[in-house]
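Asks:
2 protein chains.
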Amino acid sequence: MCYKNCYGHRKLGLMTAASGRTPVGERLPTLEDVARVAGVSRSTVSRVINGIRNVDPQLHEVVWNAVGETGYVPNRLARSLVTRRTGTVALVVSDSESHDDDPFMGRFFADPYFGRVVGGLMSVLRQSGVQLALQIVGTEEGRKRLVGDLRHGQADGVIVLSLPAHDPLPGMLTDAGVPAVMIGRPADPVPINYVDLANDTGASLAADHLVTRGCQLIGMISGPVDVPASTDRISGFRRSMARHGYGWVPLVSGNFTRESGEDAMRELLAENPQIDGVFVANDLMALGALLALRDAGRRIPDDVAVVGFDDSSAAVAANPPLTTVRHPLEDMAAESARLLLSRIEDASMRVSSVIYEPTLVIRQSA
Amino acid sequence: MCYKNCYGHRKLGLMTAASGRTPVGERLPTLEDVARVAGVSRSTVSRVINGIRNVDPQLHEVVWNAVGETGYVPNRLARSLVTRRTGTVALVVSDSESHDDDPFMGRFFADPYFGRVVGGLMSVLRQSGVQLALQIVGTEEGRKRLVGDLRHGQADGVIVLSLPAHDPLPGMLTDAGVPAVMIGRPADPVPINYVDLANDTGASLAADHLVTRGCQLIGMISGPVDVPASTDRISGFRRSMARHGYGWVPLVSGNFTRESGEDAMRELLAENPQIDGVFVANDLMALGALLALRDAGRRIPDDVAVVGFDDSSAAVAANPPLTTVRHPLEDMAAESARLLLSRIEDASMRVSSVIYEPTLVIRQSA
DNA sequence: ACGTACTTGGAGAGCGCTCTCCAAATCTTG
DNA sequence: CAAGATTTGGAGAGCGCTCTCCAAGTACGT
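As you go down the protein sequences, you meet chains A and B in turn. When the letters of the first sequence are read in order and numbered with the numbering used here, they come out as residues 132 to 497. When the letters of the second sequence are read in order and numbered with the numbering used here, they come out as residues 132 to 497.
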């Protein structure tokens, strides 16, 4: 830690005395001020600002001039208090897995998954001038406060991401009547909007490819066994393999990190030395698997073929580039945002879901 | 696009009639309601809720019971309106480079840089119960609105990230007196708090290592030539190389993406076939460089040694693992958050900066 | 000319909360 | 036990905005 003694350690010529939020005595102009300058009433100014007709074009102009003159900016907080609209959508991520020094969250945010989702979300939200507020909930207490705030209109709606197995949050949100969209289906049946990938189909694609390639002993490295996205990939893979006559598939599960993929691959290799094909449930773990395989002296794809999942940027950068199942996460996130926005607009919309179809991207690892 | 016809395509048994934000007629309990139930005045309830002394312990209990009974949750919006505190910090990123279909932002969010920063920020903010609101500004108009909202207390402070060369935003923020901290120093001298890495020192480390290794012709792949983080790395590298007797360093610049690194490496290779060492200004570009070098049949590090920058997760996953300059981005982001929080607490704090020292992480690429 | 219908601007009541006053109640102390 | 010092609770004035009402003004038909 160096900060203690470096504060102010690089001096800047222009430094001025520290000033508070608002220089003393300098109050920001309010509607009232604009009204006074324009010589009309507060209501009229409000009408003009919000573009409501029924205002004499002349006054219209007078008001806008007054706005320019005073440098008036509407106070969103005050406005939200009465309109019950904040122009904010909350992105909720859960961290029940996290422990003291915050290891889980660090991992989560650094994962390309998070960035892709945020990117997709923002591509839609920014066009509507909606901002995204990041919320992390872990405890029961946290969930309660979140839902309470949400009911009060702290945010107009919420995108829910990456929940642990049987999180009560989706249910709480629907009960509270808060517009919400989940990315990835809820683990328990709950009447909530969601956008998901046909994970099972994706896994099938991988299975088909590996089998067609002529692999004889095919294993799988899965994610945690209690989250839907992961279980769907497992069941989809198993089902497809079974159809191809592979009644049994060696499986080791990791936690979606590169390290866990490496460990899992070693384990798989130790137990099944003959293995010549492996489906890894995400690219990050596949990267780890590649490392472990190389360590073990296996050539890819000649000795062992590897298929990943996600088609994240890691897939292209891998050596060899990963054959992987494309997960159109940005599109899905964008779609969730659109869905949420329309749900906010029209509260009577019925619960809906959107399922995206994955595709196989063939590169060199299989 | 499949969503048009898949809405509601998976039916859920429990679907209920869509309900608005608040079921009709069901108003959320307010302070007033709690006061009525407790048989005291609104002020007293407010005092109890906010833990102000001067309240009879008996009443204290009565009030809390009433809170429990009514299920009261304070309305943050209303509270913020009067306290001028929102419990929100804005994370501002700029996208002036972005064009129509949003390519820049997509890149930016998917970059591990963004995730690491968010992770570091949240690790501190969540402990104070502060939420992070993502804001993208591009246009002059956008900047004005942002600063306006900020002055109104839309957020208590702002973390500024990744600005293009001569963005006027830092100046606008200081002028407005909004508590702000930049991650990475401002391009123009502005009295604003910031947390930065000694980029020049980092580049020196890379230069020393490459020289010590015995490389004869050493090139550099830099980032855009107009952002401070990038120029500092260039000048630091050049300076150090000069001291070692290398008066001239072939340089090609990219834009911090893997693709651009690949292109830059090809260019460098074409112009300097003898090249046997290269410093790449970030790991993502280094990944691309590795690809290009492998394509050209060069062995790493035997034929060409490569040093990256950032020590992002990509560095470990690369083949061979990258020797790179460690950029403690999470720590820096966490520190910015702390700095901002204390600045918010104490408006009279003087402008300060914190510079972190990078270290060299030696792996196998050099 | 008058009455009716429509347009337009203003007054004012909140949204839910905090916080400053002030009065009442309680406690000191000579 | 009176007079002052101290606690404690309530009334009420906002924070800055929206939006419903209502009155005044304008246009039209008979």
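We put the beta carbon where it would ideally sit given N, CA and C, even for glycine.
For the pair the stretch 279-288 of chain A and the stretch 194-208 of chain B, tell me if three or more CB-CB distances fall below 8 Å.
Replies: Touching, yes, given that three or more Cβ pairs across the two stretches are closer than 8 Å.
Asks: Counting beta carbon pairs with one atom in the stretch 433-440 of chain A and one in the stretch 396-410 of chain A, are three or more of them shorter than 8 Å?
Replies: Yes, the stretch 396-410 of chain A is in contact with the stretch 433-440 of chain A.
Asks: Compile a chain-ordered list of the residues in the stretch 182-211 of chain B whose CB is closer than 7 Å to at least one CB of chain A.
Replies: The stretch 182-211 of chain B vs chain A, Cβ under 7 Å: V204, N206, R207, L208, A209, S211.
Asks: Please check if any C-beta of chain A sits within less than 8 Å of the C-beta of A95 (chain B).
Replies: In the structure as shown, chain B starts at 132 and stops at 497, and residue 95 (chain B) therefore has no counterpart that could be examined.
Asks: Measure from the C-beta of L78 (chain B) to each C-beta in chain A and report whether the shortest distance is under 8 Å.
Replies: As displayed, chain B neither begins before 132 nor continues past 497, which places residue 78 (chain B) out of reach and without an answer.
Asks: By the DSSP assignment, the beta strand (DSSP E) with V223 (chain B) in it spans what residues?
Replies: The residue labelled residue 223 (chain B) in the question sits at position 92 within the second sequence. First-last of the beta strand (DSSP E) with V223 (chain B): 219-225.
Asks: For L328 (chain B), which of helix, strand or coil comes out of DSSP?
Replies: As a first step, residue 328 (chain B) must be located in the second sequence, where it is residue number 197. Of the three classes helix, strand and coil, the one that applies to L328 (chain B) here is strand, per DSSP.
Asks: On the CB-based measure, 16 or more other CB atoms within 10 Å of its CB, does N185 (chain A) come out buried or exposed?
Replies: The residue labelled residue 185 (chain A) in the question sits at position 54 within the first sequence. So N185 (chain A) counts as exposed.
Asks: In the DSSP assignment, what residue or residues form a beta bridge with D441 (chain B)?
Replies: On the second sequence, position 310 is the one that residue 441 (chain B) refers to. Per DSSP, B:R457.
Asks: Got a sec, what are the start and stop residues for the alpha helix (DSSP H) V119 (chain B) sits in?
Replies: The first residue shown for chain B is 132 and the last is 497, placing residue 119 (chain B) beyond what the model contains.
Asks: So the alpha helix (DSSP H) A417 (chain A) belongs to, where does it begin and stop?
Replies: Here residue 417 (chain A) corresponds to residue number 286 of the first sequence, with the count starting at 1. 414-426 is the span of the alpha helix (DSSP H), which, as asked, contains A417 (chain A).
Asks: With a threshold of 7 Å (Cβ to nearest heavy atom), would T201 (chain A) be considered close to the ligand MN?
Replies: Only the bare structure without any ligand can be found here, which leaves the ligand MN out of the picture.
Asks: Rounded to whole angstroms, what's the CA-CA distance from I444 (chain A) to P320 (chain B)? Just pull it up for me.
Replies: Locating residue 444 (chain A) in the first sequence gives position 313, counting from the first residue. Locating residue 320 (chain B) in the second sequence gives position 189, counting from the first residue. Note that residue 444 (chain A) corresponds to Ser in the displayed sequence, not to Ile. Their Cα atoms are separated by approximately 36 Å.
Asks: By the 7 Å beta-carbon criterion, what residues does the stretch 329-344 of chain B contribute toward chain A?
Replies: If the cut-off is 7 Å between Cβ atoms, the stretch 329-344 of chain B has nothing near chain A.
Asks: Residues in its own chain within less than 8 Å of S473 (chain A) by CB, not counting five upstream and five downstream?
Replies: Position 342 of the first sequence holds residue 473 (chain A). Hits under 8 Å: M480.
Asks: Could you say which of A:M303, A:D363, A:L328, A:P381 lies nearest to I502 (chain A) if we only look at CA atoms?
Replies: Since the first and last residues shown for chain A are 132 and 497, residue 502 (chain A) lies out of range.
Asks: Taking the beta strand (DSSP E) that S561 (chain B) belongs to, which residues open and close that run?
Replies: Because residue 561 (chain B) is not part of the residues shown, which for chain B are 132 to 497, the question remains open.
Asks: Flag this pair as yes or no: are the beta carbons of D394 (chain A) and D414 (chain A) separated by less than 8 Å?
Replies: By 1-based counting over the first sequence, the position of residue 394 (chain A) is 263. By 1-based counting over the first sequence, the position of residue 414 (chain A) is 283. For D394 (chain A) and D414 (chain A), no; Cβs fall outside 8 Å.
Asks: Which class does M480 (chain B) belong to by DSSP, given the choice of helix, strand or coil?
Replies: Numbered from 1 along the second sequence, position 349 holds the residue referred to as residue 480 (chain B). M480 (chain B): coil per DSSP, three-state reduction.
Asks: For a quick check, are the C-beta atoms of A464 (chain B) and I314 (chain B) less than 8 Å apart?
Replies: For this step, residue 464 (chain B) is matched to residue 333 along the second sequence. For this step, residue 314 (chain B) is matched to residue 183 along the second sequence. In contact: A464 (chain B) and I314 (chain B) (Cβ atoms closer than 8 Å).
Asks: Give the residues from the stretch 402-416 of chain B that approach chain A closer than 9 Å (Cβ to any Cβ), ordered along the chain.
Replies: Those residues of the stretch 402-416 of chain B that come within reach of chain A (Cβ to Cβ, closer than 9 Å) are L415.
Asks: Given a cut-off of 8 Å on the beta-carbon distance, is the pair I323 (chain B) and P301 (chain B) in contact?
Replies: Start at 1 with the first residue of the second sequence, and residue 323 (chain B) comes out as number 192. Start at 1 with the first residue of the second sequence, and residue 301 (chain B) comes out as number 170. Yes; because the gap between Cβ atoms is below 8 Å, this pair is in contact.
Asks: Would you mind working out which of B:V179, B:G308, B:G354, B:G378 sits nearest V342 (chain B), comparing C-alpha positions?
Replies: Here residue 342 (chain B) refers to the residue found at position 211 of the second sequence. Looking at the Cα atoms, B:G378 is the closest of the given residues.
Asks: Could you round the C-beta distance between L162 (chain A) and R173 (chain A) to whole angstroms and report it? I think they count as a contact, below 8 Å.
Replies: Against the first sequence, residue 162 (chain A) aligns to sequence position 31. Against the first sequence, residue 173 (chain A) aligns to sequence position 42. Contact flag correct, Cβ pair sits at about 5 Å.
Asks: Under 7 Å, CB to CB, which of the residues in the stretch 248-277 of chain A have a partner in chain B?
Replies: Against chain B - using a Cβ distance shorter than 7 Å - the residues of the stretch 248-277 of chain A are V249, G250, M253, S254, R257, Q262, L263, A264, L265, Q266, I267.
Asks: Which same chain residues end up closer than 7 Å to T270 (chain A) when comparing Cβ atoms and leaving out the 5 residues on each side of it in sequence?
Replies: What you label residue 270 (chain A) is simply residue 139 of the first sequence in a count that begins at 1. Closer than 7 Å at Cβ, skipping near neighbours: no residue.
Asks: Taking 8 Å as the cut-off, does the stretch 445-456 of chain B touch the stretch 482-496 of chain B (at least 3 CB pairs, one atom from each stretch)?
Replies: Yes: at least three Cβ pairs fall under 8 Å.
Asks: Less than 8 Å between the C-beta atoms of E470 (chain B) and S483 (chain B), yes or no?
Replies: Position 339 of the second sequence, counting from 1, holds the residue named residue 470 (chain B). Position 352 of the second sequence, counting from 1, holds the residue named residue 483 (chain B). With the sequence shown as reference, residue 470 (chain B) is identified as Leu, and Glu is not the correct amino acid for it. Their beta carbons are under 8 Å apart, which means L470 (chain B) touches S483 (chain B) by this criterion.
Asks: Could you check how far apart the C-beta atoms of R274 (chain A) and M303 (chain A) are, in whole angstroms? I think they sit under 8 Å.
Replies: Locating residue 274 (chain A) in the first sequence gives position 143, counting from the first residue. Locating residue 303 (chain A) in the first sequence gives position 172, counting from the first residue. With 8 Å as the limit, R274 (chain A) and M303 (chain A) qualify as a contact, their Cβ atoms being about 6 Å apart.
Asks: Can you name the residues of chain B whose CB is closer than 9 Å to the CB of F245 (chain A)?
Replies: For the purposes of this step, residue 245 (chain A) is taken as the residue at position 114 of the first sequence. Within chain B, the residues near F245 (chain A) are F240, F245, G246, V249, G250.
Asks: Would S444 (chain B) count as contacting chain A if we go by Cβ distances under 8 Å?
Replies: Taking the first residue of the second sequence as 1, we reach residue 444 (chain B) at position 313. True, the Cβ-Cβ gap to chain A drops below 8 Å.
Asks: Rounding to the nearest angstrom, what Cα-Cα distance links R389 (chain A) and D339 (chain A) in this structure?
Replies: One-based indexing of the first sequence puts residue 389 (chain A) at position 258. One-based indexing of the first sequence puts residue 339 (chain A) at position 208. Between R389 (chain A) and D339 (chain A), the C-alpha separation is close to 25 Å.
Asks: Quick check on DSSP: helix, strand or coil for Q347 (chain B)?
Replies: In the second sequence, counting from the first residue as 1, residue 347 (chain B) sits at position 216. Q347 (chain B): coil per DSSP, three-state reduction.
Asks: Since I believe G392 (chain B) is in contact with G367 (chain B) (beta carbons under 8 Å), could you give me their beta-carbon distance rounded to a whole number of angstroms?
Replies: Position 236 of the second sequence, counted from the start, is the residue given in the question as residue 367 (chain B). Position 261 of the second sequence, counted from the start, is the residue given in the question as residue 392 (chain B). At roughly 19 Å, the Cβ-Cβ gap does not stay under 8 Å, so G367 (chain B) and G392 (chain B) are not in contact.
Asks: By how many angstroms is the C-alpha of G428 (chain A) removed from the C-alpha of V291 (chain B)?
Replies: Along the second sequence, read from residue 1 onward, the residue named residue 291 (chain B) stands at position 160. Along the first sequence, read from residue 1 onward, the residue named residue 428 (chain A) stands at position 297. About 47 Å.
Asks: Hey, out of B:L328, B:P188, B:V193, B:S371, whose CA is closest to I349 (chain B)'s CA?
Replies: Here residue 349 (chain B) refers to the residue found at position 218 when the second sequence is read from its first residue. Of B:L328, B:P188, B:V193, B:S371, the residue nearest in Cα terms is B:S371.
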